[in-house]
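Residue numbers (the numbering used here): 56 to 307.
So this is what it looks like as C-alpha coordinates:
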(Lines of atoms letter the chains of each structure in order from A and count residues from 1; the text may use other names and numbers.)
(Lines give C-alpha, C1' and ligand atoms only; values in the text may rest on other atoms or scores of the structure.)
Protein backbone atom coordinates (compact mmCIF):
# COMPACT_ATOMS: atom_id res chain seq x y z
CA UNK A 1 0.00 0.00 0.00
CA UNK A 2 3.04 2.29 -0.18
CA UNK A 3 1.74 3.58 -3.49
CA UNK A 4 -1.07 5.38 -1.67
CA UNK A 5 1.42 6.95 0.75
CA UNK A 6 3.09 8.55 -2.27
CA UNK A 7 -0.25 9.98 -3.39
CA UNK A 8 -0.95 11.23 0.12
CA UNK A 9 2.42 12.99 0.34
CA UNK A 10 1.75 14.76 -2.95
CA UNK A 11 -1.66 15.92 -1.71
CA UNK A 12 -0.10 17.32 1.48
CA UNK A 13 2.62 19.18 -0.45
CA UNK A 14 0.11 20.55 -2.93
CA UNK A 15 -2.29 21.81 -0.28
CA UNK A 16 0.54 23.27 1.83
CA UNK A 17 1.82 25.36 -1.09
CA UNK A 18 -1.69 26.52 -1.96
CA UNK A 19 -2.34 27.50 1.65
CA UNK A 20 0.86 29.58 1.61
CA UNK A 21 -0.22 31.34 -1.58
CA UNK A 22 -3.68 32.07 -0.16
CA UNK A 23 -2.11 33.40 3.02
CA UNK A 24 0.67 35.58 1.65
CA UNK A 25 -0.41 36.61 -1.87
CA UNK A 26 -3.40 38.39 -3.33
CA UNK A 27 -5.18 37.41 -6.51
CA UNK A 28 -3.30 38.26 -9.73
CA UNK A 29 -0.18 39.21 -7.78
CA UNK A 30 3.01 38.20 -9.59
CA UNK A 31 6.48 37.79 -8.06
CA UNK A 32 9.54 37.33 -10.28
CA UNK A 33 11.84 34.43 -9.43
CA UNK A 34 13.94 34.01 -12.59
CA UNK A 35 13.21 37.11 -14.62
CA UNK A 36 10.19 36.71 -16.86
CA UNK A 37 10.81 33.00 -17.34
CA UNK A 38 9.67 31.83 -13.88
CA UNK A 39 7.29 33.75 -11.65
CA UNK A 40 4.80 33.21 -8.85
CA UNK A 41 1.44 34.41 -10.12
CA UNK A 42 -1.69 33.78 -8.06
CA UNK A 43 -4.67 32.84 -10.22
CA UNK A 44 -7.79 30.73 -9.75
CA UNK A 45 -9.00 28.35 -12.42
CA UNK A 46 -12.73 27.48 -12.37
CA UNK A 47 -12.45 24.92 -15.17
CA UNK A 48 -10.10 22.35 -16.58
CA UNK A 49 -6.76 22.89 -18.28
CA UNK A 50 -6.41 26.32 -19.88
CA UNK A 51 -9.56 27.44 -18.03
CA UNK A 52 -11.92 25.39 -20.23
CA UNK A 53 -15.37 25.03 -18.64
CA UNK A 54 -18.23 22.74 -19.64
CA UNK A 55 -21.83 22.54 -18.49
CA UNK A 56 -23.34 24.11 -15.38
CA UNK A 57 -21.32 24.79 -12.19
CA UNK A 58 -20.09 21.57 -10.64
CA UNK A 59 -19.86 19.63 -13.92
CA UNK A 60 -16.07 19.75 -14.06
CA UNK A 61 -15.89 18.69 -10.41
CA UNK A 62 -18.23 15.73 -11.01
CA UNK A 63 -16.22 14.55 -14.01
CA UNK A 64 -12.98 14.96 -12.08
CA UNK A 65 -14.37 12.89 -9.21
CA UNK A 66 -15.34 10.05 -11.54
CA UNK A 67 -11.93 10.08 -13.21
CA UNK A 68 -10.15 10.13 -9.84
CA UNK A 69 -12.16 7.15 -8.55
CA UNK A 70 -11.28 5.17 -11.68
CA UNK A 71 -7.59 6.01 -11.31
CA UNK A 72 -7.66 5.03 -7.62
CA UNK A 73 -9.30 1.68 -8.46
CA UNK A 74 -6.65 0.95 -11.08
CA UNK A 75 -3.83 1.94 -8.72
CA UNK A 76 -5.21 -0.51 -6.15
CA UNK A 77 -5.37 -3.23 -8.80
CA UNK A 78 -1.68 -2.86 -9.72
CA UNK A 79 -0.45 -1.97 -6.22
CA UNK A 80 1.94 -4.97 -6.16
CA UNK A 81 3.08 -4.81 -9.79
CA UNK A 82 6.07 -3.17 -11.49
CA UNK A 83 7.21 -0.42 -9.11
CA UNK A 84 8.05 2.43 -11.54
CA UNK A 85 4.68 1.98 -13.26
CA UNK A 86 2.63 2.05 -10.07
CA UNK A 87 4.63 5.00 -8.73
CA UNK A 88 3.79 6.93 -11.89
CA UNK A 89 0.11 6.16 -11.33
CA UNK A 90 0.48 7.29 -7.72
CA UNK A 91 1.71 10.68 -8.95
CA UNK A 92 -1.33 10.99 -11.21
CA UNK A 93 -3.67 10.03 -8.37
CA UNK A 94 -2.03 12.45 -5.92
CA UNK A 95 -2.30 15.33 -8.37
CA UNK A 96 -5.92 14.55 -9.16
CA UNK A 97 -6.82 14.43 -5.46
CA UNK A 98 -5.03 17.72 -4.82
CA UNK A 99 -7.11 19.57 -7.40
CA UNK A 100 -10.31 17.76 -6.35
CA UNK A 101 -9.94 19.24 -2.87
CA UNK A 102 -9.89 22.73 -4.39
CA UNK A 103 -12.97 22.11 -6.51
CA UNK A 104 -15.02 20.46 -3.76
CA UNK A 105 -14.16 22.55 -0.68
CA UNK A 106 -12.60 25.89 -1.62
CA UNK A 107 -15.88 27.55 -2.58
CA UNK A 108 -17.16 27.10 0.97
CA UNK A 109 -13.83 27.49 2.78
CA UNK A 110 -13.02 30.74 0.99
CA UNK A 111 -16.63 31.91 1.11
CA UNK A 112 -17.31 32.55 -2.56
CA UNK A 113 -19.58 29.66 -3.56
CA UNK A 114 -21.32 26.41 -2.57
CA UNK A 115 -19.81 22.94 -2.43
CA UNK A 116 -18.33 21.53 -5.65
CA UNK A 117 -17.89 24.97 -7.23
CA UNK A 118 -14.42 25.80 -5.95
CA UNK A 119 -11.67 27.18 -8.14
CA UNK A 120 -8.26 25.54 -8.43
CA UNK A 121 -5.42 27.67 -7.06
CA UNK A 122 -2.56 28.05 -9.57
CA UNK A 123 0.66 29.97 -8.95
CA UNK A 124 3.67 28.47 -10.79
CA UNK A 125 3.99 30.74 -13.82
CA UNK A 126 6.39 29.49 -16.49
CA UNK A 127 6.91 31.48 -19.69
CA UNK A 128 7.77 28.80 -22.24
CA UNK A 129 7.75 30.89 -25.40
CA UNK A 130 6.60 34.23 -26.69
CA UNK A 131 6.81 35.80 -30.12
CA UNK A 132 5.24 35.93 -33.54
CA UNK A 133 4.11 32.78 -35.32
CA UNK A 134 5.88 32.33 -38.69
CA UNK A 135 3.79 33.66 -41.55
CA UNK A 136 4.28 30.41 -43.46
CA UNK A 137 1.85 28.69 -41.09
CA UNK A 138 -1.72 28.87 -42.49
CA UNK A 139 -4.46 30.81 -40.69
CA UNK A 140 -2.43 31.83 -37.61
CA UNK A 141 0.81 32.96 -39.27
CA UNK A 142 1.96 36.40 -38.14
CA UNK A 143 -0.02 36.32 -34.89
CA UNK A 144 1.62 37.01 -31.56
CA UNK A 145 1.62 34.02 -29.21
CA UNK A 146 2.72 33.64 -25.63
CA UNK A 147 2.80 30.27 -23.92
CA UNK A 148 2.75 30.87 -20.19
CA UNK A 149 1.03 28.06 -18.31
CA UNK A 150 0.24 28.78 -14.69
CA UNK A 151 -0.08 25.60 -12.71
CA UNK A 152 0.48 24.08 -9.27
CA UNK A 153 2.14 21.12 -7.57
CA UNK A 154 -0.83 18.87 -8.38
CA UNK A 155 -0.57 19.70 -12.08
CA UNK A 156 3.16 19.01 -12.08
CA UNK A 157 2.54 15.68 -10.38
CA UNK A 158 0.00 14.66 -13.01
CA UNK A 159 2.37 15.58 -15.85
CA UNK A 160 5.25 13.61 -14.28
CA UNK A 161 2.94 10.65 -13.73
CA UNK A 162 1.73 10.63 -17.32
CA UNK A 163 5.32 10.77 -18.59
CA UNK A 164 6.22 7.87 -16.30
CA UNK A 165 3.29 5.78 -17.52
CA UNK A 166 4.33 6.37 -21.14
CA UNK A 167 7.90 5.31 -20.34
CA UNK A 168 7.19 2.23 -18.20
CA UNK A 169 3.91 0.84 -19.56
CA UNK A 170 5.63 -1.52 -22.04
CA UNK A 171 7.85 -3.03 -19.35
CA UNK A 172 4.81 -3.36 -17.09
CA UNK A 173 2.81 -5.32 -19.68
CA UNK A 174 5.84 -7.48 -20.63
CA UNK A 175 6.29 -8.47 -17.00
CA UNK A 176 2.60 -9.27 -16.66
CA UNK A 177 2.69 -11.55 -19.71
CA UNK A 178 5.80 -13.32 -18.41
CA UNK A 179 4.13 -13.84 -15.03
CA UNK A 180 1.02 -15.33 -16.65
CA UNK A 181 3.15 -17.76 -18.67
CA UNK A 182 5.08 -18.77 -15.55
CA UNK A 183 1.86 -19.52 -13.68
CA UNK A 184 0.47 -21.52 -16.61
CA UNK A 185 3.66 -23.58 -16.81
CA UNK A 186 3.59 -24.25 -13.06
CA UNK A 187 -0.07 -25.30 -13.26
CA UNK A 188 0.70 -27.67 -16.12
CA UNK A 189 3.60 -29.28 -14.23
CA UNK A 190 1.40 -29.92 -11.20
CA UNK A 191 -1.35 -31.31 -13.40
CA UNK A 192 1.00 -33.70 -15.20
CA UNK A 193 2.53 -34.90 -11.93
CA UNK A 194 -0.88 -35.77 -10.48
CA UNK A 195 -2.37 -36.86 -13.84
CA UNK A 196 -5.27 -34.52 -13.12
CA UNK A 197 -4.84 -32.07 -15.94
CA UNK A 198 -7.61 -29.46 -15.90
CA UNK A 199 -9.53 -29.11 -19.11
CA UNK A 200 -8.81 -25.39 -19.14
CA UNK A 201 -5.12 -26.10 -19.54
CA UNK A 202 -5.64 -28.40 -22.52
CA UNK A 203 -8.13 -26.12 -24.21
CA UNK A 204 -5.25 -24.38 -25.97
CA UNK A 205 -3.76 -25.86 -29.12
CA UNK A 206 -0.33 -25.91 -27.49
CA UNK A 207 -1.29 -28.64 -25.01
CA UNK A 208 -4.03 -30.48 -26.92
CA UNK A 209 -1.69 -33.16 -28.34
CA UNK A 210 -0.09 -33.68 -24.95
CA UNK A 211 -3.50 -34.20 -23.38
CA UNK A 212 -4.43 -36.90 -25.89
CA UNK A 213 -1.09 -38.66 -25.41
CA UNK A 214 -1.48 -38.79 -21.64
CA UNK A 215 -4.83 -40.51 -21.98
CA UNK A 216 -3.79 -43.26 -24.44
CA UNK A 217 -2.19 -46.59 -23.40
CA UNK A 218 1.27 -47.49 -24.68
CA UNK A 219 1.67 -49.67 -27.73
CA UNK A 220 1.91 -53.42 -27.06
CA UNK A 221 5.46 -54.67 -27.68
CA UNK A 222 5.92 -57.03 -30.64
CA UNK A 223 7.29 -59.77 -28.38
CA UNK A 224 4.13 -59.73 -26.33
CA UNK A 225 2.06 -59.87 -29.51
CA UNK A 226 4.00 -62.93 -30.68
CA UNK A 227 3.56 -64.53 -27.27
CA UNK A 228 -0.18 -63.97 -27.44
CA UNK A 229 -0.41 -65.53 -30.90
CA UNK A 230 1.68 -68.49 -29.74
CA UNK A 231 -0.61 -68.97 -26.76
CA UNK A 232 -3.64 -69.16 -28.99
CA UNK A 233 -1.88 -71.73 -31.21
CA UNK A 234 -0.96 -73.95 -28.24
CA UNK A 235 -4.39 -73.61 -26.68
CA UNK A 236 -3.20 -71.55 -23.74
CA UNK A 237 -4.97 -68.42 -22.54
CA UNK A 238 -3.59 -65.28 -24.13
CA UNK A 239 -2.41 -62.47 -21.94
CA UNK A 240 -4.84 -59.62 -21.49
CA UNK A 241 -3.60 -56.37 -22.97
CA UNK A 242 -5.70 -54.47 -20.47
CA UNK A 243 -3.87 -56.19 -17.60
CA UNK A 244 -0.55 -55.27 -19.17
CA UNK A 245 -1.63 -51.62 -19.34
CA UNK A 246 -2.69 -51.67 -15.68
CA UNK A 247 0.62 -53.16 -14.56
CA UNK A 248 2.53 -50.64 -16.60
CA UNK A 249 0.50 -47.86 -15.03
CA UNK A 250 1.36 -49.12 -11.53
CA UNK A 251 5.07 -49.36 -12.31
CA UNK A 252 4.96 -45.93 -13.93
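For every residue, glycine included, the Cβ atom is placed at its ideal position computed from N, Cα and C.
- Separation of residue 176 and residue 136 (C-alpha to C-alpha, rounded to the nearest whole angstrom) is 34 Å.
- Residue pairing by DSSP places residue 186 opposite 200 in a beta bridge.
- Following the DSSP letters along the chain, one finds residue 94 inside the beta strand (DSSP E) bounded by residues 93-100.
- The beta carbon of residue 152 sits closer than 7 Å to the beta carbons of 62, 66 and 123 from its chain, once the five residues preceding and following it are set aside; these are given in chain order.
- Between the segment 114-133 and the segment 151-171 there are three or more C-beta pairs closer than 8 Å, enough to call the two in contact.
- Only residues of its own chain outside the window of five on either side were considered, and among them 58, 61 and 62 have a CB closer than 6 Å to the CB of residue 145, listed in chain order.
- In the assembly as shown, residue 73 is a buried residue. Its beta-carbon has 16 or more other beta-carbons within 10 Å.
- For residue 69, the secondary structure class from DSSP, reduced to helix, strand or coil, is helix.
- Proximity of the segment 173-190 to the segment 155-164 meets the contact definition, three or more beta-carbon pairs being nearer than 8 Å.
- Cβ-Cβ distances below 6 Å link residue 220 to 143 in the same chain, with the five nearest sequence neighbours on each side left out; the list follows chain order.
- Between residue 205 and residue 196, the C-beta spacing is not below 7 Å.
- Between residue 147 and residue 213 the beta-carbon gap is near 5 Å, inside 8 Å, which marks them as a contact.
- Distances from the CA of residue 182 to each of 85, 79 and 92 were compared; the closest alpha carbon is that of 92.
- Shortest Cα-Cα distance from residue 199 to any of 95, 56 and 186 involves 186.
- Straight across, the Cα-Cα distance linking residue 88 with residue 229 is about 44 Å.
- Cβ neighbours of residue 97 within its own chain (closer than 6 Å, five residues either side excluded): 76, 80, 82, 84 and 178.
- Bridge partners of residue 206 according to DSSP: 179.
- Secondary structure at residue 87: strand, using DSSP grouped into helix, strand and coil.
- One alpha carbon belongs to residue 95, the other to residue 106, and they sit about 18 Å apart.
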